[in-house]
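Written below as structure tokens is the structure these notes are about.
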Ligand code: TYM
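Residue numbers (the numbering used here): 859 to 1190.
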């Protein structure tokens, strides 16, 4: 039986990349699979987070996942730090993974930047915690955006090395699920950079909390090139902004990229941008309204998360026990 696990960091507001690259796929997968969705606050603190802002962002992220359509009764929605097994298994993986493996992680290089010596040890060991998140539940499938692919390859390496080192078959082979036309949404200001919560310019991203006016303005200001829209995806070469905006539209309207090119190809960006803004508002406005409604009752949100954490702990307990026996923390 396939089991899905995925996580999202509560750092600032969620954006269209998080929604189209991940959460929307979670909503579709929940119908066919047993799913766990986790707000990964322990990952968030690998970079400094102001404590009150972290607490708020944790609730807001959970609210966004619910508002997007995740059913917390049919699935498990919880906060990472409420289930100690993540930290316990991550420590064991710190001792399984090799320094050389982590040194190759491009996300660490990007996030640590030039000041590597000053980065937290947690930022470096981050992928081991991510492997622990997934393997603590023996999840088999992990829906993510393109940027997480390398971390999932590392998860497979860790699972395999653990099984080999201890002569067991505790962990399954994890498959990434990178689905849809928007697996890597780029910045609205620079089509070669990923849309990200950490970009200094708010005009680079559409947040799930933006108003219709914000969205229209950001789309109008989005960088383009002087040529008319491409008529086929083959003409995306050297036009990263056009490729990005068309992919976003395709994902929002649930259409093939080819179809969107056929419809808008040859037309000026101004026509297309209006339609793109309308499509984004149509998808996001109901989510924003629902996030605001859920945030007005934090106690109700906390109850959902507490219930999720209890169910997650129950699933994790036997796996952790199996791991402890394999390692020799408990008698075999
Ligand atoms: P995070 O919080 O950065 O992003 C959450 C999800 O959104 C996807 N995503 C994007 N997809 C398309 N275009 C973009 N511009 C874009 N930006 C973000 C991410 O791929 C991700 O699926 N390490 C993870 C969180 C995590 C996790 C896990 C995920 C922790 N443990 C276990 C899966 C399984 C992260 O930082 O995601």
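Every residue gets a Cβ at the ideal spot worked out from N, C-alpha and C, and that includes glycine.
Remember, predicted model here, so these are calculated numbers, not experimental data.
Under the three-state DSSP convention, the category residue i falls into
i, result
"residue 962", "coil"
"residue 956", "coil"
"residue 1000", "strand"
"residue 1029", "coil"
"residue 1088", "coil"
"residue 1169", "helix"
"residue 980", "helix"
"residue 1185", "helix"
"residue 891", "coil"
"residue 836", "Here the chain has residues from 859 to 1190 only, and residue 836 is not among them."
"residue 1044", "strand"
"residue 1097", "coil"
"residue 865", "strand"
"residue 930", "coil"
"residue 937", "strand"
Exposure label - residue i; buried when at least 16 CB within 10 Å
i, result
"residue 1018", "exposed"
"residue 1099", "buried"
"residue 930", "buried"
"residue 1188", "exposed"
"residue 1174", "buried"
"residue 976", "exposed"
"residue 973", "exposed"
"residue 898", "buried"
"residue 882", "buried"
"residue 933", "buried"
Whole-angstrom C-beta distance between residue j and residue i, which should lie under 8 Å
i, j, result
"residue 900", "residue 938", "5 Å"
"residue 903", "residue 980", "7 Å"
"residue 1104", "residue 1115", "6 Å"
"residue 987", "residue 948", "4 Å"
"residue 863", "residue 970", "About 26 Å separates the two Cβ atoms, so there is no contact after all."
"residue 985", "residue 1007", "Actually they are not in contact, since the Cβ atoms of residue 985 and residue 1007 sit about 12 Å apart, beyond 8 Å."
"residue 1053", "residue 871", "With 8 Å as the limit, residue 1053 and residue 871 do not qualify as a contact, their Cβ atoms being about 12 Å apart."
"residue 1061", "residue 1076", "6 Å"
Cβ-heavy atom distance, residue i to the ligand TYM, below 7 Å
i, result
"residue 863", "yes"
"residue 1054", "yes"
"residue 866", "yes"
"residue 882", "no"
"residue 963", "no"
"residue 1006", "yes"
"residue 876", "yes"
"residue 1043", "yes"
"residue 879", "yes"
"residue 973", "no"
"residue 955", "no"
"residue 1108", "no"
"residue 999", "no"
"residue 1123", "no"
"residue 1181", "no"
Quick test of the definition: if touching needs 3 or more C-beta pairs under 8 Å, does the region 910–927 touch the region 1003–1014? no
Could you tell me whether the region 879–897 touches the region 1021–1034, using the rule of 3 or more Cβ pairs below 8 Å? no
Decide if the region 1152–1161 is in contact with the region 969–985; the criterion is three or more beta carbon pairs, one per stretch, under 8 Å apart. no
Is the region 1118–1138 touching the region 1081–1095 in the sense that three or more CB pairs, one from each, lie closer than 8 Å? Because the criterion of three Cβ pairs below 8 Å is met, the region 1081–1095 and the region 1118–1138 touch.
Should the region 1069–1076 be called in touch with the region 1029–1043, which here means at least 3 C-beta pairs below 8 Å? no
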